[in-house]
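Enquirer: First the structure, then my questions, so here it is.
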Amino acid sequence: MPFFPHTEAEVREMLNAVGANSINDLFDEIPQNLGWGGLATFPAARSELEVSQLMSARARLDGAPSCFIGAGAYDHHIPAAVWQIATRDEFYSACTPHHAEANQGTLQLIYEFQSMMAALTAMDLCNGSLHDGASALVAAILMAVRVNHKSVSRRILVPKSLHPAYRRVADNILHHQGIVLEQLPYDAKGGHTDPAVLQGYIGQDITALVIPQPNFFGVLEEADALAGWAQANNVLTIAVVNPLALSVLSPPGSWGGQGADICCGEGQPLGVPLSSGGPYFGFLGCRRALLRQMPGWIAGRTRDRTGQTAYSLIPQASDQSPGTASIFGSQQASAVTAATVHMALMGAEGLAQTAAKCHANTRRLAEKLCSIPGVALKFDRPVFHEQVLALPLRAQGVLRTLAAHNILGGLDLSRDYPELGNAILVCATERRTCEEIDSFAGKLERAIRLQAGAPCQLQPNNW
Amino acid sequence: MRAALSGEDLSDLPVRFLRKSSAGLPEVTELQAVKHYTRLSRRNLSSDTGLNSLASCTFNYHPGAALALASLPEFLVRHPEAPEGHSQGFMACVYDLQELIKAVTGMPGASLAPAAGAQCEFAGIAMIKAYHDARNDADRTEILIPETAQAAAAVPAEMCGYSVRKLPVGSEGSVDVAILENFLGSRTAGLMLTNPSTVAVFACNTEAIAGLVHEAGGLLNCTGDNLSAIAGKNRPDDMGIDVITLDLHKCFCAPRGGGGPGAGAVAVSERLLPYLPAPMVDREGDAYTWLDEQRRPESVGRFSAFAGNAGILLRAYIAALMLGRKGMRRAAEYSTMNASYLRRQLLKSGFDAAYPERGVAHEVILNLCCPTGEGVATRDYAKRLLDYGVHVPTTLLPPQATECLLLEPTGAESKEMLDSFVAAMRAIRDEAETDPDTVRGAPYTMPVGRLDEGALVDADLTWKPTNG
Chain A
27 MPFFPHTEAE
37 VREMLNAVGA
47 NSINDLFDEI
57 PQNLGWGGLA
67 TFPAARSELE
77 VSQLMSARAR
87 LDGAPSCFIG
97 AGAYDHHIPA
107 AVWQIATRDE
117 FYSACTPHHA
127 EANQGTLQLI
137 YEFQSMMAAL
147 TAMDLCNGSL
157 HDGASALVAA
167 ILMAVRVNHK
177 SVSRRILVPK
187 SLHPAYRRVA
197 DNILHHQGIV
207 LEQLPYDAKG
217 GHTDPAVLQG
227 YIGQDITALV
237 IPQPNFFGVL
247 EEADALAGWA
257 QANNVLTIAV
267 VNPLALSVLS
277 PPGSWGGQGA
287 DICCGEGQPL
297 GVPLSSGGPY
307 FGFLGCRRAL
317 LRQMPGWIAG
327 RTRDRTGQTA
337 YSLIPQASDQ
347 SPGTASIFGS
357 QQASAVTAAT
367 VHMALMGAEG
377 LAQTAAKCHA
387 NTRRLAEKLC
397 SIPGVALKFD
407 RPVFHEQVLA
417 LPLRAQGVLR
427 TLAAHNILGG
437 LDLSRDYPEL
447 GNAILVCATE
457 RRTCEEIDSF
467 AGKLERAIRL
477 QAGAPCQLQP
487 NNW
Chain B
1287 MRAALSGEDL
1297 SDLPVRFLRK
1307 SSAGLPEVTE
1317 LQAVKHYTRL
1327 SRRNLSSDTG
1337 LNSLASCTFN
1347 YHPGAALALA
1357 SLPEFLVRHP
1367 EAPEGHSQGF
1377 MACVYDLQEL
1387 IKAVTGMPGA
1397 SLAPAAGAQC
1407 EFAGIAMIKA
1417 YHDARNDADR
1427 TEILIPETAQ
1437 AAAAVPAEMC
1447 GYSVRKLPVG
1457 SEGSVDVAIL
1467 ENFLGSRTAG
1477 LMLTNPSTVA
1487 VFACNTEAIA
1497 GLVHEAGGLL
1507 NCTGDNLSAI
1517 AGKNRPDDMG
1527 IDVITLDLHK
1537 CFCAPRGGGG
1547 PGAGAVAVSE
1557 RLLPYLPAPM
1567 VDREGDAYTW
1577 LDEQRRPESV
1587 GRFSAFAGNA
1597 GILLRAYIAA
1607 LMLGRKGMRR
1617 AAEYSTMNAS
1627 YLRRQLLKSG
1637 FDAAYPERGV
1647 AHEVILNLCC
1657 PTGEGVATRD
1667 YAKRLLDYGV
1677 HVPTTLLPPQ
1687 ATECLLLEPT
1697 GAESKEMLDS
1707 FVAAMRAIRD
1717 EAETDPDTVR
1727 GAPYTMPVGR
1737 LDEGALVDAD
1747 LTWKPTNG
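Just so you know, the sequences run in chain order A and B.
So the first sequence is numbered by the numbering used here: it starts at 27 and just counts up by one.
So the second sequence is numbered by the numbering used here: it starts at 1287 and just counts up by one.
In structure tokens:
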């Protein structure tokens, strides 16, 4: 299949028109001494069939293991209709909506997305998305710095219980601007951020407090108490939430009485496949008074000159405006299309049932695993659909053995939380069956029993 | 809430953590939802359904196989934290794509971690900063940016803590070496260049610019968004560039999606190799391994929680394999030929294009600042073009911010399409003279008419039952 429609006769005609003898004449401004190098090592074209065979073989290499890893990306069921709609050419190949008149479909969809996200988070308004959850947190912190005029310190309190990758991304980007992320410890017994640790900050100039719900360990933070402290001390509250969890958990818009000021998170649990970590989408919501500082696209419902209802991006949302210019202002329209259709299909009740099923599955998993000698819950506080478990052996070896049996048995926490010892973070979404959970428990029990003696001979390829 | 959750129970959670009332999302059947969103989709005009886009940031055609193969079930269910043993297929694709980026740019190293073009720009400046920091060269506080750059170009530099100094440009919109010399010095951290430039000309003197910047101790960052215009004709590495940033949705055919997601690549010279953003993929023998922050401690780190827009990287890889060496070169040749032809035909028809004495890179800047016809603005032309089936956004031509149309035909557009565009422009110009109101009121064939711009300030942003 050719990519280019030109016949040889047309090429000659077009070159004649511009007074060129050959196509190379069109590049005569490139200095000769630079040579026309390049592409020597670029492979020759392959047919669609050849590429299809290559990609299928590579996909098979990765297999489809039984996945008990969550840690910010969750293996949920996605109704078939979601991506059937999201990949319709009219959405999938649509232009960026520079001209509202030609993009009413995308624009109305973004408006609906904003409305549904506002309903889930109980925030006044939400934008049309950012790159991912970590980017959305960076945008939220930058917003807080711009908005909190009572603070000049640029000090942001960030619990260590927040996703480690989010903390790294935020620091990578924000440290250049003198924004300091100060770590709040987590309670060794509960795995939550004890509101009492905030007492030490009373009277200090703090710009914002980040509250993850649930936190990276799955543990529920005392969001009302934390937000209440912030509200009483001129500190802005930034909520980092799982949108699926919000179908059952108290939404940021109601935390601590006045509600969070800014809310952000990873949208992946709403109809976006795991897909190696992207493309996902981040969401960002805020109180109405902060609208002008909100980056990213925002669609509004307005009218055309005849008074007919029409949708458009609103000027406050322009990425170019100095106040909100952000390297995270880009949006993830395809993923947002999927999320919007997903929310519409599931409804609030469908999402809540999924959330409850994940929660029940993870509880079942934790109970099973904790019946194995030496395995125990690490934290004693309530969790949502994710749990830290202590193992009697080094997590790496155990997980390796499980992987050889095609089970991804959780995330090894020793890199980011070495103080937790042999700990793993596990999650069983609604997609994990009782059989998979039983198989995981059986294999883990055996792995621990054997590895306490000798290492398992069975090793995955390329480990 | 609890009552609604038949069978699955949250009774272990204290009530203070739970939602008091339902989130109030739509409650519809699948048929209702599918009908609604299918109807919405038909209120979009997309490239596959007939709209011809000549917009800047023009995307190459996104082949069907790219979507189908990136959506193989194993790729869709691969968890970003899956161990390397369950990731070799995906990692092989990322590694190969890194190699393809190196092949196109000639640069010795590339990372695909940035989620899109803007993050690439940030990564570029962050690497320049890391380089100077590692040499304890802390007095370099300035980034030079040509005044023809887009307004947003200064943002990454400012976010990295640099002060931005605007560099006046020469008569042809390019950096003038004589002017540049006066701006370089011991405070120069780097220069941000776009080549081919924002005003669509090739910067012939890039090699000389690189020499001067290096002599002053700075580094040269080049936005390669327009690389598709020179792929196979010129390698950024040969010009002495230190960082080049690429939007994969351009020369690597990632889909438009109505505004994303995109994907980015950043490629660097030897001196910046240690600082490339994480994660990258390395190959040891037959095995692929992750190069994360632990293995590359000097890296500027990651900018997204996992590995950028991984699924888009797969699409770009698939498209690049199908395009191949010859196709990649053809894309540059035909997009340049299309742009050259389009400009010639517009000039012949009496329109005014910027820098007519220069060669055309990949796009044409059509200057309508003094359009014929009473009170007909450039924007009116753009709206009327929609009725002719062409999507062209109005843009502001820096540095004076004059309104213009930026036309960027890819190599995939046919001569017939370009001829019909020129004919449409002539027809609109005639209308502007004889019946300006028609042009000012356009479009007429879209799902809605021209938006009432005065009403935008009152636009409602969140649907509520009360404002429904």
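Every residue gets a Cβ at the ideal spot worked out from N, C-alpha and C, and that includes glycine.
Chain B beta carbons: is any one of them nearer than 8 angstroms to that of A/Tyr192?
Expert: Numbered from 1 along the first sequence, position 166 holds the residue referred to as residue 192 of chain A. Answer yes: the Cβ-Cβ gap between A/Tyr192 and chain B drops below 8 angstroms somewhere.
Enquirer: Looking only at DSSP bridge pairs, what is A/Val490 linked to?
Expert: Outside the shown range of chain A, which is 27 to 489, sits residue 490 of chain A, and nothing can be said about it.
Enquirer: Which partner residues of B/Asn1653 appear in the DSSP bridge assignment?
Expert: Along the second sequence, one-based indexing puts residue 1653 of chain B at 367. According to DSSP, B/Asn1653 bridges with B/Asp1638, B/Cys1690.
Enquirer: Which residue from B/Ser1308, B/Met1711, B/Gly1476, B/Val1650 puts its Cα closest to that of B/Pro1482?
Expert: Along the second sequence, one-based indexing puts residue 1482 of chain B at 196. Of the listed residues, the one whose Cα sits closest to B/Pro1482 is B/Val1650.
Enquirer: Under the rule that 16 or more other beta-carbon atoms within 10 Å means buried, what is B/Asp1421, buried or exposed?
Expert: In the second sequence, the residue the question calls residue 1421 of chain B occupies position 135. In the sequence as displayed, the identity of residue 1421 of chain B is Arg instead of Asp. Label assigned to B/Arg1421: exposed.
Enquirer: Can you find the residues in the same chain that come closer than 8 angstroms, C-beta to C-beta, to B/Cys1490, ignoring five residues on each side of it along the sequence?
Expert: Locating residue 1490 of chain B in the second sequence gives position 204, where the first residue counts as 1. Only Ser1460 meet the Cβ criterion.
Enquirer: Taking DSSP's pairing of strands, which residues face A/Gln209 in a bridge?
Expert: Mapped onto the first sequence, residue 209 of chain A falls at position 183. In the DSSP output, where bridge partners are listed per residue, A/Gln209 has A/Val184.
Enquirer: Across the stretch 71–84 of chain A and the stretch 211–226 of chain A, are there enough close Cβ pairs to call them in contact, namely three or more that are closer than 8 angstroms?
Expert: Flag = no, the stretch 71–84 of chain A and the stretch 211–226 of chain A do not touch.
Enquirer: Let me know the beta strand (DSSP E) ranges lying completely inside the stretch 251–294 of chain A, each 3 residues or longer, listed in chain order.
Expert: Complete beta strand (DSSP E) runs here, min 3: 262–267, 288–292.
Enquirer: Can you tell me whether B/Ser1449 is helix, strand or coil according to DSSP?
Expert: Residue 1449 of chain B sits at position 163 when you count from the first residue of the second sequence. Note: B/Ser1449 maps to strand in three-state DSSP.
Enquirer: State buried or exposed for A/Asn198, treating a residue as buried only when at least 16 other CB atoms are found within 10 Å of its CB.
Expert: If you number the first sequence from 1, residue 198 of chain A lands on position 172. With 16 or more Cβ atoms within 10 Å of its Cβ, A/Asn198 is classed as buried.
Enquirer: Identify, in the order they occur along the chain, each residue of the same chain with its Cβ nearer than 8 angstroms to the Cβ of A/Thr33, setting aside the five sequence neighbours on each side.
Expert: Here residue 33 of chain A corresponds to residue number 7 of the first sequence, with the count starting at 1. So the list is empty, once near-sequence residues are dropped.
Enquirer: Among the residues of its own chain, which have a CB less than 6 angstroms from the CB of A/Val245, if the five just before and after it don't count?
Expert: Within the first sequence, residue 245 of chain A is the residue found at index 219, counting from 1. Excluding sequence neighbours, A/Val245 sits near Gly217, His218, Phe405, Arg407, Val409.
Enquirer: Which runs of the beta strand (DSSP E) at least 3 residues long sit entirely within the stretch 442–475 of chain A? Give them in chain order.
Expert: Counting whole runs of 3 or more residues, the stretch 442–475 of chain A contains the beta strand (DSSP E) stretches 449–452.
Enquirer: Is B/Gln1384 close to chain A? Criterion is C-beta to C-beta, closer than 8 angstroms.
Expert: Counting from 1 along the second sequence, the entry for residue 1384 of chain B is found at position 98. So no, B/Gln1384 is outside the interface.
Enquirer: Starting from the Cα of A/Glu412, find the closest Cα among A/His189, A/Pro444, A/Gln203 and give me that residue.
Expert: To locate residue 412 of chain A, count along the first sequence from 1; it is residue 386. With distances taken between Cα atoms, A/Glu412 lies closest to A/His189.
Enquirer: Kindly identify the DSSP beta-bridge partner or partners of B/Gly1476.
Expert: Sequence index remark: in the second sequence, residue 1476 of chain B carries index 190 (1-based). Looking at the DSSP assignment, B/Gly1476 forms a beta bridge with B/Ile1429, B/Leu1505.
Enquirer: Could you give the distance in angstroms between the alpha-carbon of B/Val1499 and the alpha-carbon of B/Glu1467?
Expert: Position 213 of the second sequence, counted from the first residue, corresponds to residue 1499 of chain B. Position 181 of the second sequence, counted from the first residue, corresponds to residue 1467 of chain B. Taking the straight line from one Cα to the other gives about 9 angstroms.
Enquirer: Any residues in the stretch 1447–1459 of chain B with a beta carbon nearer than 7 angstroms to a beta carbon of chain A? Which ones, in chain order?
Expert: Those residues of the stretch 1447–1459 of chain B that come within reach of chain A (Cβ to Cβ, closer than 7 angstroms) are Gly1447.
Enquirer: Return helix, strand or coil for A/Arg194, following the three-state DSSP convention.
Expert: By 1-based counting over the first sequence, the position of residue 194 of chain A is 168. A/Arg194 falls in the helix class under three-state DSSP.
Enquirer: Report the neighbours of B/Ala1745 on chain A: residues whose CB is nearer than 8 angstroms to its CB, in chain order.
Expert: On the second sequence, position 459 is the one that residue 1745 of chain B refers to. Here the neighbours are Gly326, Arg327, Thr328, Ser338, Ile340.
Enquirer: Could you spell out the range, first to last residue, of the beta strand (DSSP E) harbouring B/Ser1397?
Expert: Sequence index remark: in the second sequence, residue 1397 of chain B carries index 111 (1-based). Its beta strand (DSSP E) spans residues 1395–1397.
Enquirer: Can you say whether B/Ile1465 is buried or exposed, counting buried as having 16 or more other CB atoms within 10 angstroms of its CB?
Expert: Indexing the second sequence from 1 puts residue 1465 of chain B at position 179. B/Ile1465 comes out exposed.
Enquirer: If you measure beta-carbon to beta-carbon, which residues of the stretch 1580–1613 of chain B are closer than 7 angstroms to chain A?
Expert: Under the 7 angstroms Cβ criterion, the stretch 1580–1613 of chain B contributes Val1586, Gly1587, Arg1588, Phe1589, Ser1590, Ala1591, Phe1592, Ala1593, Gly1594, Asn1595, Ala1596, Gly1597, Ile1598, Ile1604, Leu1607, Met1608, Leu1609, Gly1610, Arg1611, Lys1612, Gly1613.
Enquirer: Residues in its own chain within less than 7 angstroms of A/Glu456 by CB, not counting five upstream and five downstream?
Expert: For this step, residue 456 of chain A is matched to residue 430 along the first sequence. Hits under 7 angstroms: His102, His103, Thr380, Lys383, Cys384, Asn387.
Enquirer: Which residues, in order along the stretch 109–123 of chain A, keep a beta-carbon less than 7 angstroms from a beta-carbon of chain B?
Expert: From the stretch 109–123 of chain A, only Ile111, Thr113, Arg114, Asp115, Glu116, Phe117, Tyr118, Ser119, Ala120, Cys121, Thr122, Pro123 have a Cβ closer than 7 angstroms to chain B.
Enquirer: To the nearest angstrom, how far is it from the Cα of A/Ser155 to the Cα of A/Leu163?
Expert: For this step, residue 155 of chain A is matched to residue 129 along the first sequence. For this step, residue 163 of chain A is matched to residue 137 along the first sequence. Computed Cα separation, rounded: 12 angstroms.
Enquirer: Touching or not, the stretch 1524–1536 of chain B and the stretch 1492–1511 of chain B, by the rule of three or more beta carbon pairs under 8 angstroms?
Expert: They touch, by the three-pair rule.
Enquirer: Comparing C-alpha positions only, which one of B/Ala1640, B/Thr1724, B/Glu1689 sits nearest to B/Arg1670?
Expert: Taking the second sequence and counting its residues from 1, the one referred to as residue 1670 of chain B is at position 384. Comparing Cα-Cα distances from B/Arg1670 to each of B/Ala1640, B/Thr1724, B/Glu1689, the minimum goes to B/Thr1724.
Enquirer: So, does the CB of A/Val274 fall closer than 8 angstroms to a CB anywhere in chain B?
Expert: Position 248 of the first sequence, counting from 1, holds the residue named residue 274 of chain A. True, the Cβ-Cβ gap to chain B drops below 8 angstroms.
Enquirer: Do the stretch 1585–1605 of chain B and the stretch 1556–1564 of chain B touch if we need at least three Cβ pairs shorter than 8 angstroms?
Expert: The answer is yes - the stretch 1556–1564 of chain B touches the stretch 1585–1605 of chain B, with three or more Cβ pairs under 8 angstroms.
Enquirer: Check B/Ile1516 in the structure and name its three-state DSSP category.
Expert: Here residue 1516 of chain B is taken as the residue at index 230 of the second sequence, counted from 1. The answer is coil: DSSP assigns B/Ile1516 none of H, G, I, E or B.
Enquirer: When the Cα atoms are used, what is the spatial distance from B/Phe1707 to B/Thr1324?
Expert: Translated into positions along the second sequence, residue 1707 of chain B becomes position 421. Translated into positions along the second sequence, residue 1324 of chain B becomes position 38. About 30 angstroms.
Enquirer: At least one CB of chain A closer than 8 angstroms to the CB of B/Tyr1381: is that the case?
Expert: Taking the second sequence and counting its residues from 1, the one referred to as residue 1381 of chain B is at position 95. No, its Cβ sits nowhere closer than 8 angstroms to a Cβ of chain A.
Enquirer: Would you check if the distance between the CB atom of A/Ser141 and the CB atom of B/His1348 is smaller than 8 angstroms?
Expert: By 1-based counting over the first sequence, the position of residue 141 of chain A is 115. By 1-based counting over the second sequence, the position of residue 1348 of chain B is 62. No, they are not a contact pair.
Enquirer: Return the Cβ separation of A/Cys453 and A/Gly96 in integer angstroms, given the expectation that the two are a contact with Cβ distance under 8 angstroms.
Expert: Within the first sequence, the letter at position 427 stands for residue 453 of chain A. Within the first sequence, the letter at position 70 stands for residue 96 of chain A. Sure, about 3 angstroms apart at Cβ, within 8 angstroms.
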